[in-house]
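Colleague: Handing you a structure now.
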Amino acid sequence: MLSIADTGFLVAFAAIRDMHHDWAVGVANELSEPALACEAVLAETAFKLRSVEVVLEMIVSELIKVSFDLNDHLPQLIALAKRYADRQPDLADLCLIRMSELYPHHRVITADKDFRVYRRNKREVIPLICPP
Numbered sequence: 067m068l069s070i071a072d073t074g075f076l077v078a079f080a081a082i083r084d085m086h087h088d089w090a091v092g093v094a095n096e097l098s099e100p101a102l103a104c105e106a107v108l109a110e111t112a113f114k115l116r117s118v119e120v121v122l123e124m125i126v127s128e129l130i131k132v133s134f135d136l137n138d139h140l141p142q143l144i145a146l147a148k149r150y151a152d153r154q155p156d157l158a159d160l161c162l163i164r165m166s167e168l169y170p171h172h173r174v175i176t177a178d179k180d181f182r183v184y185r186r187n188k189r190e191v192i193p194l195i196c197p198p
């Protein structure tokens, strides 16, 4: 399965007490290669877990792979921020929308309901993997 990891998935995977932990572990077991991630997601995840070490281990264990350079996509991120200003997206969400445009065969693994509203390439539904 080709995928892009959001913060909620990574937090749920690492936090045994998270309500979506079992779902996240199940999804992780289905991955055929590391889920793509951006540094904004990794920073959010480290903050929420209060552990940089856990996030670094996710990279070392190849659960995730950093695959986005914000500088290369700044104009598109600015346009997305303006388009979704009413929803006040965080930087990680904007990066994931852009990553979905760059990797159209990848599904975003998220527990964030905003991704049901966000669109890639202005009108395309972003393919998601969400908890039931």
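In this text, residue positions in the sequence shown follow the numbering used here: the first is 67, and each later residue adds one. Ideal placement from N, C-alpha and C gives every residue a C-beta, glycine not left out. Remember, predicted model here, so these are calculated numbers, not experimental data.
Measuring straight from C-alpha to C-alpha, what distance separates Ser117 and Pro170?
Modeller: One C-alpha to the other measures close to 31 Å.
Colleague: Determine whether the beta carbon atoms of Val183 and Arg164 lie at a separation below 8 Å.
Modeller: Cβ atoms of Val183 and Arg164: not closer than 8 Å.
Colleague: Check Val128 in the structure and name its three-state DSSP category.
Modeller: It should be pointed out that residue 128 corresponds to Glu in this sequence rather than to Val. Glu128: coil per DSSP, three-state reduction.
Colleague: Any chance the stretch 92–109 sits against the stretch 122–130, with 3 or more Cβ pairs inside 8 Å?
Modeller: Judged by Cβ distances under 8 Å, the stretch 92–109 makes contact with the stretch 122–130, as three or more pairs qualify.
Colleague: Quick check: Asp72 and Val191, are their CB atoms within less than 8 Å of each other?
Modeller: The answer is no: Cβ separation not under 8 Å.
Colleague: Can you list, in chain order, the residues of its chain whose CB lies under 8 Å from that of Gly74, leaving out five sequence neighbours each side?
Modeller: Contacts found: His86, Thr176, Ala177 and Asp178.
Colleague: Please state the DSSP three-state secondary structure of Val118.
Modeller: Three-state DSSP puts Val118 in a helix.
Colleague: Closer than 8 Å by C-beta to Val107: which residues in its own chain qualify, once you throw out the five before and the five after it? Chain order, please.
Modeller: Cβ within range, chain order: Ala71, Asp72, Thr73, Leu76, Ala158, Cys161 and Leu162.
Colleague: If you follow the alpha helix (DSSP H) that Ala90 is in, where does it begin and where does it stop?
Modeller: Counting along the chain, the alpha helix (DSSP H) containing Ala90 begins and ends at His87 to Glu96.
Colleague: Any idea what DSSP makes of Arg83, helix, strand or coil?
Modeller: If DSSP states are grouped into helix, strand and coil, Arg83 belongs with coil.
Colleague: Can you grab the Cα-Cα spacing for the pair Glu105 / Val120, in whole Å?
Modeller: Cα to Cα, Glu105 sits roughly 14 Å from Val120.
Colleague: On a Cα-Cα basis, can you pick out the residue from Leu122, Glu167, Pro198 and Lys188 that is closest to Ser69?
Modeller: Nearest option by C-alpha distance: Glu167.
Colleague: Only counting the same chain, and skipping five residues up and downstream in sequence, which positions put a Cβ closer than 7 Å to that of Gln142?
Modeller: Excluding residues within five positions, the ones whose Cβ falls inside 7 Å are Arg164.
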